[in-house]
Amino acid sequence: MNAKKLVGFMLVLLAVTAVLAACAPQTVEVTRVITETVTEQVEVTRVVEGEVITEVQEVPVEVTRVVEVAVEPEPVAEAGEDEVVTISWWGTERGRDTAETRELHLQLARAFEESHPNTKIAVSLFPSRGFSNRVLTAIAANEGPDIWYHYFATDIATQGFLEDLTPYIEASDFDPAERWFPIGQQRAVYDGRYYGVPRDATAGFIAYNKDMFDAAGLAYPEEGWTIADYRDMAIALTDVANDQYGIGAIVGTPGCFQWSSFSFNMGADFVSLDGSQVAGYMDTPEAVAALKFCMDLTATDQVAAPSGLQEQFGELVFLSGQVGLQHISTWELPAINEQADFNWGVVAPPRYDENTDEIAWTDSYVYYMSADTVQKQRAWEFMEWLSGPEAAMIMAEAGVWTPAVPSVWEELDWQNDPVLSVAWNELQKETRVSNYERSQFYWDCVGDIFYDVWTNYVDLGDTDIEGFLATAVPDAQSCLDDNYASLDQ
Amino acid sequence: MSVYTSESKWHWRKLLTTTRGYFVLLIFAVVFLVPFYWMFATALKGDEQLFQLPPAWVPNPLVWENFAQVFKEVPFGRFLTNSVVLVVWNVVGQVVSCTLIAYGFARLRFPGRDALFLVLLATLMVPRQVTLVPQFILFAKLGWVNTYLPLILPAFTGSPFLIFLMRQYMMTIPLDLDEAATIDGAGRLQILRHVIMPISGPALVLVAVFTFTDVWNDFMGPLIYLNDPEKFTVSLGLSFFQGAKETSWHLLMAGSLMSMIPPMILFFLAQKRLLGGLAAAGIKG
Chain P
1 MNAKKLVGFM
11 LVLLAVTAVL
21 AACAPQTVEV
31 TRVITETVTE
41 QVEVTRVVEG
51 EVITEVQEVP
61 VEVTRVVEVA
71 VEPEPVAEAG
81 EDEVVTISWW
91 GTERGRDTAE
101 TRELHLQLAR
111 AFEESHPNTK
121 IAVSLFPSRG
131 FSNRVLTAIA
141 ANEGPDIWYH
151 YFATDIATQG
161 FLEDLTPYIE
171 ASDFDPAERW
181 FPIGQQRAVY
191 DGRYYGVPRD
201 ATAGFIAYNK
211 DMFDAAGLAY
221 PEEGWTIADY
231 RDMAIALTDV
241 ANDQYGIGAI
251 VGTPGCFQWS
261 SFSFNMGADF
271 VSLDGSQVAG
281 YMDTPEAVAA
291 LKFCMDLTAT
301 DQVAAPSGLQ
311 EQFGELVFLS
321 GQVGLQHIST
331 WELPAINEQA
341 DFNWGVVAPP
351 RYDENTDEIA
361 WTDSYVYYMS
371 ADTVQKQRAW
381 EFMEWLSGPE
391 AAMIMAEAGV
401 WTPAVPSVWE
411 ELDWQNDPVL
421 SVAWNELQKE
431 TRVSNYERSQ
441 FYWDCVGDIF
451 YDVWTNYVDL
461 GDTDIEGFLA
471 TAVPDAQSCL
481 DDNYASLDQ
Chain E
1001 MSVYTSESKW
1011 HWRKLLTTTR
1021 GYFVLLIFAV
1031 VFLVPFYWMF
1041 ATALKGDEQL
1051 FQLPPAWVPN
1061 PLVWENFAQV
1071 FKEVPFGRFL
1081 TNSVVLVVWN
1091 VVGQVVSCTL
1101 IAYGFARLRF
1111 PGRDALFLVL
1121 LATLMVPRQV
1131 TLVPQFILFA
1141 KLGWVNTYLP
1151 LILPAFTGSP
1161 FLIFLMRQYM
1171 MTIPLDLDEA
1181 ATIDGAGRLQ
1191 ILRHVIMPIS
1201 GPALVLVAVF
1211 TFTDVWNDFM
1221 GPLIYLNDPE
1231 KFTVSLGLSF
1241 FQGAKETSWH
1251 LLMAGSLMSM
1261 IPPMILFFLA
1271 QKRLLGGLAA
1281 AGIKG
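Sequence lines, in order, name chains P and E.
All residue numbers for the first sequence refer to our numbering, where the first residue is 1 and numbers rise by one.
All residue numbers for the second sequence refer to our numbering, where the first residue is 1001 and numbers rise by one.
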């Protein structure tokens, strides 16, 4: 063998060894003193009827030895009640009032530490952009936080990195149905088990510009109005020549199908509740009608603000003062409260018709606990506190989120507030987890359909929605099936 | 008279051609400057002007306080300092390592050199996302998470693209210079230090500038490896103004403008050598 081949062979051998070593279970060599019983053969002499008999017998003997053994590292035990433990808590900034948001997190941590002196909370806040990557990378390396909040689809629980909180909740002295709004429970539950607790609770509703309604001589919308009323008002308020539009967007350009209460109220559900099916949901006549209604507002009625402004400002395009109706949620309320320089009001989303009950669009961020967390009990104590009334009151007073605890809303009399009472009513109604939060593969398999159908219908003028969906939906279903099958392997 | 007329025609034709050229360039300049102007204008707008329809091209009043507000909302000065520290270490690391490695590929003859160079180039095809988790696990096991080490140390192992650039440049330097230095008794490292590096100025500037912009704009690296906000960089700091549902556009633009100042100063200082380096590395290779 020449030198080149020898070097090549050695390199390959080195690589294989490295791979095998990396794949081997992690063990540590420890020195142990062991005592074991071994069988030794002993000569026994005895006298039988005057005759001396010597025979070999096997007898057990205890032997003590010092040995090197390989053992798997023992899991770190949970700390005792008197030990000081640090729990890492990760979250995101919200894009505005960053100093206040950061102060709220620190305030919550300090308040908990005061009542639980042996638990320290290490707060880390990240930009919301890229937060998923940050969390998932850290978890993959077993370096994840103990607790964090995020916006995962409910079926992310199947990935196995979330702690099942059901036993903790069952052992607690509160009833989730009483403590949280319905959405707070729905967002945290998968397959009947709790994998999180709610951080907040928000609801979708319509903000309207009173000044524009007054100038147009229109009556303000009222609870019980229908989507036909909504459309009529949008048309009446639109005056493109004066940069005045009936709606900003239902919520974003293609988002109107995914977020809003409209599709729910029109009987459309684009994805099954367990997130696994799109065929038989997105291609139903109700779904097609909901898509058509939404797109016609732009394509036919031309009552929506230019798409560039929608993309740039999203829901906050309402702040221009030249948009009559806008679907918003409590997440946007602080900005509108602070910045709107016109008279405005809010009303529940329109229902399909007078005889159909409303289904509310509500939502919540969720606190999760890592399955790898060592100090689970301490982490749970913090989670339980965070999702309880004391923390909820601190959040409410800070004005950053609207809490998921109804008793705090009542304590603050928010159910009688002219704006928040609308959200309060929505949060009591029948609700569902949003389509895009039902499947962890939604954005990989389903989300793009809405962009494509929008491009076809609005930009290219192809009105055959059924024809488009006849191809797109089976493709999306196949994508979902493949992804779920890969989870089972 | 006819000479005068001819000269006059020539003069006017030249003027017209030049004017036409300037006009086209002006259009392109405006196209490129409009986003920059919009950024500047947004940075000087108040809340109430951000969502104005039709959009206001000239802010009125000018809200200079936005720049100060950036420092109140986040520790922006700290972020700038952190970015500068990272940039300096990375530039040093890349310049040293890329020069040494490129010199090896350009000048030394050893078995498997070309194959090794191909492997190096092949790593350019591996997306960063693929190596993200394994690399994180490696650094986590070393206990380097929430330190600057994972963001600095890799620079001392070179970057495939920059090594490629340096190698291409070095290959344009005549071997005669090496041979003359060898006759004078210089060793390999002496040749690199006293012969190759002084000539490779434009390429070294290129490596430094590319590294500067990469590190200055890097979002994912600091996001993944740093937990403590006190250690965050400018690119992370700016993202704090951009939420999932709400964005402080005026503060984002004010912060972005301030974060552009160091790269712009660097660009103007290194402009001549940078363009020379680009041309040399791109054409002569």
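Idealized CB from N, CA, C, for every residue including glycine.
Computed from a predicted model, the values in this text were never measured in an experiment.
Below-8 Å beta-carbon distance, residue i vs any chain P residue
i, result
"Glu1065 (chain E)", "no"
"Val1209 (chain E)", "no"
"Leu1053 (chain E)", "yes"
"Thr1247 (chain E)", "yes"
"Val1034 (chain E)", "no"
"Val1133 (chain E)", "yes"
"Ile1199 (chain E)", "no"
"Asp955 (chain E)", "The requested residue 955 (chain E) does not occur in the structure, where chain E is confined to residues 1001 to 1285."
Beta-carbon neighbours of residue i, restricted to chain E and to distances below 9 Å
i, result
"Arg129 (chain P)", "Phe1219, Leu1223, Ser1239, Gln1242, Gly1243, Ala1244"
"Gln375 (chain P)", "Residues of chain E passing the Cβ test: none, with the nearest at roughly 18 Å."
"Glu437 (chain P)", "Under the 9 Å cutoff, chain E gives no residues; its nearest Cβ is about 13 Å from Glu437 (chain P)."
Below-8 Å beta-carbon distance, residue i vs any chain E residue
i, result
"Leu108 (chain P)", "no"
"Asp341 (chain P)", "yes"
"Val317 (chain P)", "yes"
"Ser486 (chain P)", "no"
"Gly388 (chain P)", "no"
"Asp155 (chain P)", "no"
"Glu503 (chain P)", "Because chain P is modelled from 1 through 489, residue 503 (chain P) falls outside the range shown and cannot be assessed."
"Glu286 (chain P)", "no"
"Asp372 (chain P)", "no"
"Asp243 (chain P)", "yes"
"Arg179 (chain P)", "no"
"Arg199 (chain P)", "no"
"Val251 (chain P)", "For Val251 (chain P), the predicted structure reports a pLDDT of 46, less than 50, and the residue's modelled location is therefore unreliable. A value from the coordinates is still provided. With 8 Å as the cut-off, Val251 (chain P) does not count as an interface residue toward chain E."
Buried or exposed (CB count within 10 angstroms, at least 16 for buried), residue i
i, result
"Val56 (chain P)", "exposed"
"Trp443 (chain P)", "exposed"
"Pro117 (chain P)", "exposed"
"Thr1189 (chain E)", "According to the sequence displayed, residue 1189 (chain E) carries Leu and not Thr. With fewer than 16 Cβ atoms within 10 Å of its Cβ, Leu1189 (chain E) is classed as exposed."
"Tyr1022 (chain E)", "exposed"
"Trp1216 (chain E)", "buried"
"Lys1272 (chain E)", "exposed"
"Pro73 (chain P)", "Its pLDDT being 49, under 50, Pro73 (chain P) is placed unreliably in this model, and the value from its coordinates should be taken loosely. So Pro73 (chain P) ends up on the exposed side."
"Lys1009 (chain E)", "exposed"
"Gly160 (chain P)", "exposed"
Partners in chain E for residue i, counting only beta-carbon separations shorter than 7 Å
i, result
"Phe126 (chain P)", "Leu1223"
"Met320 (chain P)", "It is Ser, not Met, that sits at residue 320 (chain P) in the sequence shown. In chain order: Phe1051, Gln1052, Leu1053."
Option in the options with minimal Cα separation from residue i
i, options, result
"Asn1066 (chain E)", "E:Leu1252, E:Leu1269, E:Phe1268", "E:Leu1252"
"Val1085 (chain E)", "E:Gln1129, E:Phe1212, E:Thr1157", "E:Phe1212"
"His327 (chain P)", "P:Ala476, P:Ala348, P:His150", "P:Ala348"
"Leu427 (chain P)", "P:Leu162, P:Ala177, P:Ile147, P:Thr92", "P:Ala177"
"Gly1201 (chain E)", "E:Glu1179, E:Met1170, E:Asp1214, E:Leu1226", "E:Met1170"
"Gly399 (chain P)", "P:Ala153, P:Val458, P:Glu338, P:Asp211", "P:Glu338"
"Gln302 (chain P)", "P:Ile394, P:Glu381, P:Gln477, P:Asp243", "P:Asp243"
"Pro350 (chain P)", "P:Glu40, P:Ala207, P:Phe126, P:Gly95", "P:Ala207"
Interface partners of residue i on chain P, CB under 9 Å
i, result
"Phe1040 (chain E)", "In chain order: nothing, as chain P lies at least about 16 Å away."
"Ala1140 (chain E)", "Ala138, Ala141, Asn142, Glu143"
Closer than 7 Å: residue i CB and nearest the ligand GDP heavy atom
i, result
"Trp1144 (chain E)", "Absence of the ligand GDP from the depicted structure is noted, as is the absence of any ligand whatsoever, leaving it without description."
Cross-chain neighbours of residue i in chain E, by beta carbon under 8 Å
i, result
"Thr330 (chain P)", "Chain E residues near Thr330 (chain P): none, gap ~10 Å exceeds 8 Å."
"Ala335 (chain P)", "Glu1246"
"Asn355 (chain P)", "In chain order: nothing, as chain E lies at least about 34 Å away."
"Arg134 (chain P)", "Leu1223, Ile1224"
Contacts that residue i makes with chain P (C-beta to C-beta distance below 7 Å)
i, result
"Val1145 (chain E)", "Glu143"
"Glu1073 (chain E)", "Thr98, Ala99"
"Asn1227 (chain E)", "Ser124"
"Glu1048 (chain E)", "Gln339, Asp341"
**Q.** Segment contact, 8 Å Cβ cut-off, at least three pairs: the region 1087 to 1096 of chain E with the region 1208 to 1222 of chain E
**A.** yes
Q: Taking 8 Å as the threshold, find out whether the region 1158 to 1170 of chain E comes into contact with the region 1047 to 1064 of chain E through three or more Cβ pairs.
A: no
Q: Flag this pair as touching only if the region 172 to 190 of chain P and the region 359 to 373 of chain P have three or more C-beta atom pairs under 8 Å; answer yes or no.
A: yes
Q: Evaluate contact between the region 99 to 108 of chain P and the region 130 to 142 of chain P, counting only Cβ atoms and requiring at least three cross-stretch pairs below 8 Å.
A: no
Q) Just checking, does the region 1039 to 1054 of chain E make contact with the region 1117 to 1127 of chain E on the three C-beta pairs under 8 Å criterion? A) As far as the Cβ criterion goes, the region 1039 to 1054 of chain E does not touch the region 1117 to 1127 of chain E, which means the pair count is below three.
Q: Flag this pair as touching only if the region 77 to 91 of chain P and the region 1231 to 1243 of chain E have three or more C-beta atom pairs under 8 Å; answer yes or no.
A: no
Q: Assess, as a yes-or-no matter, whether the region 467 to 483 of chain P is touched by the region 436 to 454 of chain P under the definition of 3 or more beta carbon pairs within less than 8 Å.
A: Enough Cβ pairs lie closer than 8 Å, so yes.
Q | Contact between the region 289 to 300 of chain P and the region 452 to 471 of chain P (3+ Cβ pairs under 8 Å) | A | Yes: the two stretches touch, three or more of their Cβ pairs being nearer than 8 Å.
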